[in-house]
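Undergrad: I have a structure here, written as structure tokens, and I will follow up with some questions on it.
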Amino acid sequence: MTAHPGTIEKICIVGGGTAGWMTAAALSHKLRGLPVAITLIESDEIGTVGVGEATLPAIRSFNSALQIDEAAFMRATEATFKLGIEFRNWGRIGDRYIHPFGDYGQKIDGLPFYHYWHRLGQGERLDEYCYGIMLAEQGKFRHPSTNEGDIESTFGYAYQFDATRYAAFLRQFSEAEGVRRVQGKVVETSLDSVTGHVSHLKMDDGRDIEADLFVDCSGFRGILIEQALHTGYDNWSQWLPCNRAIAVPCESRGPLTPFTRATALEAGWQWRIPLQHRTGNGHVYCSDFITDDEAATRLLNNLDAPALAAPRQLYFTTGRRRQFWNKNVVAIGLAAGFLEPLESTSIHLIQEGITELLQIFPDKQFLASDIEEYNRRMSLNIERVRDFLLLHYVATQRDDSEMWRYFRNMTLPDSLQEKIDAWLTRGHLVRYEFGVFLPPSWVAVLLGQNLIPRRHDLRADKAMRDKIAEGADALRGRIRSSVERASGQAEYIKQVRAAS
Ligand code: FAD
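For the sequence shown, position 151 (counting from the first letter as 1) is numbered 151 according to the UniProt record's numbering, and the numbering increases by one without interruption.
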């Protein structure tokens, strides 16, 4: 097939981490059959960040858009199923709740169930009406039903996987789709003297690589978007001050829990991500409140099995690139920005970046309006995530350390303050345009961290109290008996791995 005049013929992706290979896989698959050549450059010497193991349910649409078989994916990446995140010690020390991927109860007359629960006086835990939470609490898993109306259709799931293996899996996929991989280091970037666009890259072995469109997936370095184009970075440390992490894998012990755990600590929090072959652990913290040595000791003391490797130290500044797309460079992944991994949102933002790029796929002309629209959408996406992450730190009663006191005295972004105010007055959740976290996620964190609205939506008063109570009892019963029949996650994974 010949190219139309003016269309993109050459794409160069710089970086072979999760972002680079996800981009290569999606572009090569979606542009298959068109006269577009895709090259991916990665450096074995520099390597990848190597963390990023917990995901959100949307990853399933990414895999299925590429027609990736779930069993093959689970075998290749040692993935487990993830029904949500267990938060410990966030509202108060000793508290615990699960943020599920799914709703609580079922809507009645279009009104979310939690309003009726509020009207009933919050007798039973709201969790009892959430299928995903009840399944997670039992350490069980099953695929959701595809029949709307079934109680088993009311939850979603994501994966926890070995990120390095996922990148390798997608590399194989992309190369089969025709992506050319170049191993080596980019040492120089040349800009067009008229347009200021990136024209070609020089490799350490002297090769030149040119392209029409460049995707910068070079990680925190941002070698094109920042080092070459000086796009600038909005630093969000005043809201999300955690700036370091120490990561260490340990042996897998005990039952394979179908959720990630995030335990709040004095100067940050600790993650625990169970995979089939090992458990990932990390301590995310703010260097103003704890030293690296103390943070490492804290992490190692909290492991539930022997470590499998030496701890790895990571440094970051939370925030975002001022433009995600600048001239002919689109930054995806850590090159575009990073918020901390509390709600496993980075891989999701990579996916959003790729989806939007495909939606607004440019010509060589690079219309300013396309670039603006892409930047608008991605800005909203990342700001929504920022607000949701910040909610965990401010919807709390903790004041036992300097870090928690810091959050108590913070002025919140208006978008978040308005959301919390509407919730507290009448349990209303302002729906954002864009943003991955829907109302049930906000309900989980707000209630899980003890922010109970003063009253429910008036419409919940229309129904008869006895009728609501009867319906709620029946719902709990249906959930319980269905969860009873489900298998443990380890056993379920064994069956999935064996399939096709
Ligand atoms: P990298 O993995 O850093 O890859 C950069 C690539 O660019 C590499 O291939 C490198 O070789 C190449 N490169 C760089 N410079 C050059 C050069 N000059 N020449 C050639 N090649 C070059 N995300 C989640 O979704 N869930 C999580 O649970 C999660 N946990 C995280 C925990 C921590 C502590 C951190 C820091 C991040 C976490 N993330 C998580 C984020 C996730 O790790 C990243 O979003 C994801 O790995 C993508 O990284 P990347 O591909 O952008 O960058």
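Even for Gly, the Cβ is constructed at its ideal location relative to N, Cα and C.
The ligand FAD and residue 82: does any heavy atom of the ligand fall closer than 8 Å to the residue's C-beta?
TA: No; taking the cut-off as 8 Å, the Cβ of residue 82 has no heavy atom of the ligand FAD nearer than that.
Undergrad: Between 182, 459, 476, 400, which has its C-alpha nearest residue 111's C-alpha?
TA: Ranking the options by Cα distance to residue 111, first place goes to 459.
Undergrad: Give the C-beta separation of residue 200 and residue 328 to the nearest angstrom, bearing in mind that I take them to be a contact with Cβ-Cβ under 8 Å.
TA: Contact flag wrong, Cβ pair sits at about 11 Å.
Undergrad: Any beta-carbon of chain B closer than 9 Å to the one on residue 117?
TA: Of the chains in the structure shown, none is chain B; there is only one protein chain.
Undergrad: Quick one: grab the DSSP three-state call for residue 487.
TA: Residue 487: strand per DSSP, three-state reduction.
Undergrad: Here's a check: name, in chain order, each residue in its chain whose Cβ is nearer than 6 Å to the Cβ of residue 362, leaving out the five neighbours to either side.
TA: Here the set comprises 370.
Undergrad: Measuring CB to CB, does residue 388 end up less than 9 Å from residue 430?
TA: No, Cβ-Cβ distance for residue 388 and residue 430 is not below 9 Å.
Undergrad: State whether the region 5-14 contacts the region 27-43, with contact taken as three or more CB pairs (one from each stretch) at a distance under 8 Å.
TA: Touching, per the Cβ criterion.
Undergrad: Check the DSSP bridge columns for residue 10 and list the partner residues they point to.
TA: According to DSSP, residue 10 bridges with 37.
Undergrad: Opposite residue 111 in the DSSP bridges: which residues?
TA: In DSSP, residue 111 forms a bridge with 108.
Undergrad: How far does the beta strand (DSSP E) with residue 215 in it reach, from first residue to last?
TA: 213-216 is the span of the beta strand (DSSP E), which, as asked, contains residue 215.
Undergrad: Does the beta carbon of residue 14 fall short of 8 Å from some heavy atom of the ligand FAD?
TA: For the ligand FAD, at least one heavy atom lies less than 8 Å from the Cβ of residue 14.
Undergrad: Return the CA-CA distance between residue 9 and residue 2, expressed in angstroms with no decimal places.
TA: Looking at the two C-alpha atoms, the distance is approximately 10 Å.
Undergrad: Among the residues of its own chain, which have a CB less than 7 Å from the CB of residue 36, if the five just before and after it don't count?
TA: Cβ within range, chain order: 8, 9, 11.
Undergrad: Exposed or buried, which one is residue 452 when buried takes at least 16 other CB atoms within 10 Å?
TA: By the 10 Å Cβ count, residue 452 comes out exposed.
Undergrad: Decide if residue 18 is buried, meaning its Cβ has at least 16 other Cβ atoms within 10 Å, or exposed.
TA: The residue in question, residue 18, is buried, as its Cβ has 16 or more Cβ neighbours within 10 Å.
Undergrad: Do residue 158 and residue 56 come within 9 Å of each other at the CB atom, strictly closer than that value?
TA: Yes, Cβ-Cβ distance for residue 56 and residue 158 is below 9 Å.
Undergrad: May I ask you to list the residues that DSSP assigns as paired with residue 329?
TA: Its beta-bridge partners are 214, 326.
Undergrad: In this structure, how does DSSP classify residue 157 when only helix, strand and coil are distinguished?
TA: Coil.
Undergrad: Three or more C-beta pairs under 8 Å: does that hold for the region 377-392 against the region 239-253?
TA: Yes, the region 377-392 is in contact with the region 239-253.
Undergrad: Which runs of the beta strand (DSSP E) fall wholly inside the region 225-268 and span at least 3 residues, in chain order?
TA: Counting only runs of 3 or more, we get 233-235, 244-250, 260-264.
Undergrad: According to the neighbour-count rule (16 or more other Cβ atoms, all chains shown, within 10 Å of its Cβ), is residue 109 buried or exposed?
TA: With fewer than 16 Cβ atoms within 10 Å of its Cβ, residue 109 is classed as exposed.
Undergrad: Count the other CB atoms, across all protein chains shown, that sit within 10 Å of the CB of residue 4; report buried if there are 16 or more and exposed otherwise.
TA: So residue 4 ends up on the exposed side.
Undergrad: Between residue 469 and the rest of its own chain, which residues show a CB-CB distance below 8 Å, the 5 nearest in sequence each way excluded?
TA: Result list for residue 469: 120, in chain order.
Undergrad: Within the same chain, show all residues whose beta-carbon is closer than 7 Å to that of residue 52, passing over the 5 residues directly before and after it, in chain order.
TA: Excluding positions up to five away in sequence, the list reads 18, 163, 346, 347.
Undergrad: Taking C-beta to C-beta, are residue 229 and residue 375 nearer than 9 Å?
TA: Result no, Cβ atoms of residue 229 and residue 375 do not sit closer than 9 Å.
Undergrad: Excluding the 5 residues preceding and the 5 following residue 489 in the sequence, name in chain order all residues of the same chain whose CB lies nearer than 8 Å to its CB.
TA: Same-chain partners within the cutoff: 80, 81, 139, 140, 141, 255, 256, 257, 258.
Undergrad: Excluding the 5 residues preceding and the 5 following residue 63 in the sequence, name in chain order all residues of the same chain whose CB lies nearer than 8 Å to its CB.
TA: Excluding residues within five positions, the ones whose Cβ falls inside 8 Å are 70, 73.
Undergrad: I need the boundaries of the beta strand (DSSP E) containing residue 99, first residue and last residue.
TA: Per DSSP, residue 99 belongs to the beta strand (DSSP E) from 96-100.
Undergrad: Determine, using beta-carbon pairs with one atom in the region 213-220 and one in the region 174-185, whether at least three such pairs fall under 8 Å.
TA: No: the two stretches stay apart, fewer than three of their Cβ pairs being nearer than 8 Å.
Undergrad: Can you grab the Cα-Cα spacing for the pair residue 298 / residue 206, in whole Å?
TA: Each residue's Cα considered, the two are about 46 Å apart.
Undergrad: So, are the CB atoms of residue 249 and residue 281 less than 9 Å apart?
TA: Contact: yes.
Undergrad: Using a 10 Å radius around the Cβ and a threshold of 16 neighbouring Cβ atoms, would you call residue 235 buried or exposed?
TA: With fewer than 16 other Cβ atoms within 10 Å, it is exposed.
Undergrad: Return yes when the Cβ of residue 105 is within less than 9 Å of the Cβ of residue 132, no when it is not.
TA: Not closer than 9 Å, so no.
Undergrad: May I ask you to verify whether the region 260-269 touches the region 388-407, counting CB pairs closer than 8 Å and requiring at least 3?
TA: Taking 8 Å as the limit for Cβ pairs, the verdict is that the region 388-407 does touch the region 260-269.
Undergrad: Please go through the same chain and pick out, in chain order, the residues whose beta-carbon is closer than 7 Å to the beta-carbon of residue 537, but skip the five residues on each side of it.
TA: Because the chain in this structure spans residues 1 to 500, residue 537 falls outside the shown range and cannot be described.
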